[in-house]
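Peer 1: Below is one structure. I have some questions about it.
Protein chains in written order, with my numbering: chain A, 1 to 321; chain B, 322 to 761.
Okay, structure coming up:
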């Protein structure tokens with residue numbers, strides 16, 4: 001089975017998942033991103049790498065934050081950006097997903113940035129582009145169901161590399177709703193690809209999917225044990241709809257068992273960093289004292305996110321079929 | 322009308338026959354094997370040199386999509402698919418629209434099928450009205466209309482007390498209840514086998530225990546009621562262990578597996594291929610291997626096509642939104658032969674895998690459904706499948722008569738091609754390009 005992300009030369013054709021990406025490509029994206037970090041500090045925050053290219057943001061699921069960062073990244077690369085709110089658009093009038101793609105391709109799209117509630121939806125679009133020989137069009141997965149959020153995974157890696165330099169001596173803990181989290185899956189694949197020796201997942205059994213050990217992850221249900229000696233803590237957002245039901249009894253009990261408080265943070269290494277993909281629920285998964293504290297790198301993550309997305313899009317735009 | 326099939330390798334597992342000999346058909350029945358009966362004059366002769374002459378296949382689950390889903394498939398297209406697949410008798414589940422819960426609907430379906438004069442169609446009636454799991458259907462009336470059993474199709478009964486009553490009532494008249502063991506709550510909404518692959522792909526899972534918990538319940542109800550139950554589409558090793566034990570205990574149960582599950586595992590989902598979206602989901606390699614072993618040892622009584630035509634609009638969707646199901650009528654023979662071939666390759670000299678494979682899709686299936694079919698006994702209906710075991714063909718949409726073009730085997734090259742299908746003594750299908758020739 002061919003990896004649909006890579007073209008016949010082994011270059012990145014679409015960014016769909018971090019799983020299966022060669023380490024060299026991941027590093028190339030991170031290196032390229034660091035060359036873009038400075039762009040945002042310039043007076044003219046633009047480089048001409050995607051001048052004349054059209055980027056279509058196809059958000060079948062709402063996300064202001066991710067859509068905005070992609071939009072900014074596109075504009076800093078001098079691309080034209082078209083935002084489509086697909087929930088209010090033709091697909092809700094019954095047009096099939098692939099018909100929509102064909103129509104937008106006919107408008108000479110160069111890149112689709114896709115967010116979809118169903119795992120695998122960007123693969124379907126990428127496969128359709130391959131089947132219809134539209135090799136000049138690229139797909140970036142901006143989050144699909146529970147499956148993957150590769151640009152988030154990459155910006156998390158960029159952040160870790162920025163603060164920790166070397167991946168090969170780190171212990172990283174991911175805390176919270178791993179079961180429903182595409183961020184967790186992308187982080188896990190990225191961390192193992194980059195050689196992190198210990199990746200931990202911390203949460204109650206109801207939020208830990210089976211098969212994590214096959215992904216190279218150590219699971220902990222006790223937060224205090226799981227945080228001992230870690231270098232990086234990645235907190236996950238707890239979605240509102242999970243908070244009261246068969247998965248968790250209440251927000252209060254969750255915070256008591258799995259909320260990141262200053263006391264718990266003290267169990268990690270003294271120089272440990274705290275990350276969060278946002279948006280945060282203060283008092284649910286993270287205490288404000290930690291979120292605003294000196295070890296939190298949550299806002300730098302957002303800044304790096306622009307550079308990482310610029311790197312991904314410019315690399316894709318430079319690779320053809 | 323008389324028919325002479327000459328020089329074929331006649332394989333009739335029910336009677337332990339496997340020899341090159343002639344077969345003679347008179348008045349729609351098997352009249353003789355070997356030498357012609359007295360006074361036989363062939364109206365038509367088929368030369369089956371190099372071909373296998375087997376009982377017509379009996380398929381325990383083929384969705385014809387009528388009534389209600391004619392945009393997915395029609396009786397005409399699917400009956401043609403049955404003929405091209407060598408299937409002369411098929412059982413269809415009641416999950417049509419409307420559901421087969423009234424005698425009139427069943428009579429209409431039987432009538433339409435009879436007029437096509439192709440495969441014998443044996444409907445399953447709904448066990449409960451509308452498959453809603455609340456009120457029992459008129460099982461005696463439905464049986465008179467032609468139902469061979471009663472089923473909930475893909476709708477598990479939530480209220481165990483209703484299931485108990487349904488089994489008691491069915492057993493009153495000696496009817497068989499066909500159930501796919503599936504807990505009503507665990508795994509609901511799941512689209513893939515709960516395991517490392519589903520976790521990685523972020524697909525919601527159907528755990529094996531959804532099947533085993535339901536089996537435990539069904540077995541307890543059988544112990545209490547004595548009802549005969551046919552267990553459909555078993556997917557896991559753990560379930561097969563339970564069924565093996567139940568059979569050893571003497572419970573009146575039989576079971577089948579879908580032929581796709583004999584070969585595929587969850588890994589075949591690959592990069593979210595919606596063609597591999599089926600119900601129950603493909604499970605682990607261990608489960609698949611247990612299915613293959615259970616087909617051999619008889620824990621699995623029959624292999625069925627689980628033929629489920631799905632149109633493009635409902636299949637070309639993100640994996641979890643894609644409608645489950647695969648086309649199967651035209652793959653049943655080849656995929657079952659593939660099992661036999663794989664088995665013979667790993668266990669050389671251990672019995673006749675080919676005859677056993679054919680039995681699982683003819684004689685054994687007929688036994689499960691209580692049909693006079695699936696054997697070439699003198700005097701039995703002359704339903705016959707003549708196939709070339711060595712002819713290879715490629716699975717592609719254009720090669721399929723079924724309106725359902727979606728299968729995880731798309732692009733596979735398979736051995737075994739039906740050359741002629743005979744129903745009640747008349748040649749209902751003959752492959753034009755094949756090497757069946759009319760001598761007279």
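All C-beta atoms in this analysis are idealised placements derived from N, C-alpha and C, irrespective of residue type, glycine included.
With three or more beta-carbon pairs closer than 8 Å as the criterion, would you say the segment 474–482 of chain B touches the segment 447–462 of chain B?
Peer 2: By the Cβ criterion, the segment 474–482 of chain B is in contact with the segment 447–462 of chain B, since at least three pairs of Cβ atoms, one from each stretch, lie closer than 8 Å.
Peer 1: Going along chain A, which residues have a C-beta under 7 Å from residue 516/B?
Peer 2: 210, 211
Peer 1: Find out if the Cβ-Cβ distance for the pair residue 776/B, residue 485/B is shorter than 9 Å.
Peer 2: One cannot answer for residue 776/B here, as it falls past the ends of chain B, which runs 322 to 761.
Peer 1: So is residue 144/A in contact with chain B if we call contact Cβ pairs under 9 Å?
Peer 2: yes
Peer 1: Any C-beta of chain B sitting closer than 9 Å to the C-beta of residue 51/A?
Peer 2: no
Peer 1: Show which residues of chain A have a CB atom less than 8 Å away from the CB atom of residue 522/B.
Peer 2: Within chain A, the residues near residue 522/B are 119, 120, 147.
Peer 1: Closest to residue 101/A by CA distance: which of 294/A, 137/A, 185/A, 79/A is it?
Peer 2: 137/A
Peer 1: Counting only beta-carbon atoms, is residue 254/A nearer than 9 Å to chain B?
Peer 2: The C-beta of residue 254/A comes no closer than 9 Å to any C-beta of chain B.
Peer 1: Considering only C-alpha positions, which residue in the set 343/B, 595/B, 710/B, 525/B is nearest to residue 358/B?
Peer 2: Residue 343/B holds the alpha-carbon nearest to the alpha-carbon of residue 358/B among 343/B, 595/B, 710/B, 525/B.
Peer 1: Does any residue of chain B have a CB that is nearer than 9 Å to the CB of residue 3/A?
Peer 2: Cβ-Cβ to chain B under 9 Å: yes for residue 3/A.
Peer 1: For residue 757/B, which residues from the same chain have a beta carbon less than 8 Å from its beta carbon, with the 5 sequence-adjacent residues on both sides left out?
Peer 2: Confidence at residue 757/B is low in this model, with a pLDDT of 45, below 50, so the placement of that residue is unreliable and no value is reported for it.
Peer 1: Just to confirm, are residue 265/A and residue 295/A a CB contact at a threshold of 9 Å?
Peer 2: yes
Peer 1: Verify whether the separation of the beta carbon atoms of residue 301/A and residue 278/A is less than 9 Å.
Peer 2: yes
Peer 1: Ignoring anything shorter than 4 residues or poking outside the segment 499–529 of chain B, list the alpha helix (DSSP H) runs there in chain order.
Peer 2: 517–522
Peer 1: Residues of the segment 633–667 of chain B with a CB closer than 8 Å to any CB of chain A: list them in chain order, please.
Peer 2: 634, 637, 638, 639, 640, 641, 642
Peer 1: Taking Cβ-Cβ distances below 9 Å as the criterion, which residues of the segment 528–555 of chain B are in contact with chain A?
Peer 2: 528
Peer 1: Alpha carbon to alpha carbon, how far is residue 339/B from residue 383/B? Give it in angstroms, no decimals.
Peer 2: 28 Å
Peer 1: Interface residues of chain A around residue 471/B at Cβ under 9 Å?
Peer 2: The contacting residues do not exist; residue 471/B stays about 33 Å from chain A at best.
Peer 1: Leaving out five residues on either side along the sequence, give the residues of the same chain with a beta carbon under 8 Å from the beta carbon of residue 63/A.
Peer 2: 115, 142, 143
Peer 1: Can you give me the C-alpha to C-alpha distance between residue 337/B and residue 615/B, rounded to a whole angstrom?
Peer 2: 21 Å
Peer 1: Name the chain A residues that come within less than 9 Å of residue 603/B, Cβ to Cβ?
Peer 2: Within 9 Å Cβ-Cβ: nothing; residue 603/B doesn't reach chain A, min ~15 Å.
Peer 1: Compare the C-beta of residue 239/A against all C-beta atoms of chain B and say whether one is closer than 9 Å.
Peer 2: Not one beta carbon of chain B lies nearer than 9 Å to the beta carbon of residue 239/A.
Peer 1: So is residue 341/B buried or exposed if we call it buried at 16+ other beta carbons inside 10 Å?
Peer 2: exposed
Peer 1: At 3 residues or longer, and completely inside the segment 157–206 of chain A: list those beta strand (DSSP E) runs for me, N to C.
Peer 2: Within the segment 157–206 of chain A, the complete beta strand (DSSP E) runs of at least 3 residues are 171–175, 198–202.
Peer 1: If the cut-off is 7 Å on Cβ atoms, which residues from the segment 561–594 of chain B count as contacting chain A, listed in chain order?
Peer 2: Correct list: 591, 592, 593.
Peer 1: Quick test of your reading: residue 501/B and residue 553/B, contact by CB under 8 Å. State the CB separation rounded to the nearest angstrom.
Peer 2: A Cβ-Cβ separation of about 4 Å places residue 501/B in contact with residue 553/B under the 8 Å criterion.
Peer 1: So residue 736/B is in the beta strand (DSSP E); what residue range does that whole segment cover?
Peer 2: 734–744
Peer 1: State the Cα-Cα distance for the pair residue 41/A and residue 73/A, rounded to the nearest angstrom.
Peer 2: 14 Å
Peer 1: Would you say residue 123/A lies against chain B (beta-carbon separation less than 9 Å)?
Peer 2: So, interface residue.
Peer 1: Report the start-end ranges of each beta strand (DSSP E) in the segment 57–101 of chain A that is 3 residues or longer and not cut off at the edges.
Peer 2: 80–85
Peer 1: Check whether the Cβ of residue 755/B lies closer than 9 Å to any Cβ atom in chain A.
Peer 2: At residue 755/B the pLDDT is 45, less than 50, meaning the model places this residue with poor confidence; the figure from the coordinates comes in the next sentence. Output row for residue 755/B: interface = no.
Peer 1: Three-state secondary structure (DSSP) at residue 693/B?
Peer 2: coil
Peer 1: Using C-beta distances below 6 Å, list every residue in its chain close to residue 759/B, excluding the 5 sequence neighbours before and after it, in chain order.
Peer 2: Any reading at residue 759/B needs caution, since the residue's pLDDT is 44, under 50, leaving its predicted position unreliable; the model's value is listed next. Result list for residue 759/B: empty, nothing under 6 Å.
Peer 1: Whole-angstrom Cβ separation of residue 155/A and residue 304/A, contact assumed at under 8 Å?
Peer 2: For residue 155/A against residue 304/A, the beta-carbon gap comes to about 5 Å, under 8 Å, which counts as contact.
Peer 1: Mapping DSSP to helix, strand and coil, what is residue 214/A?
Peer 2: DSSP places residue 214/A within a helical segment (H, G or I) once states are collapsed to three.
Peer 1: Quick check: is the beta carbon of residue 454/B nearer than 9 Å to any beta carbon in chain A?
Peer 2: no
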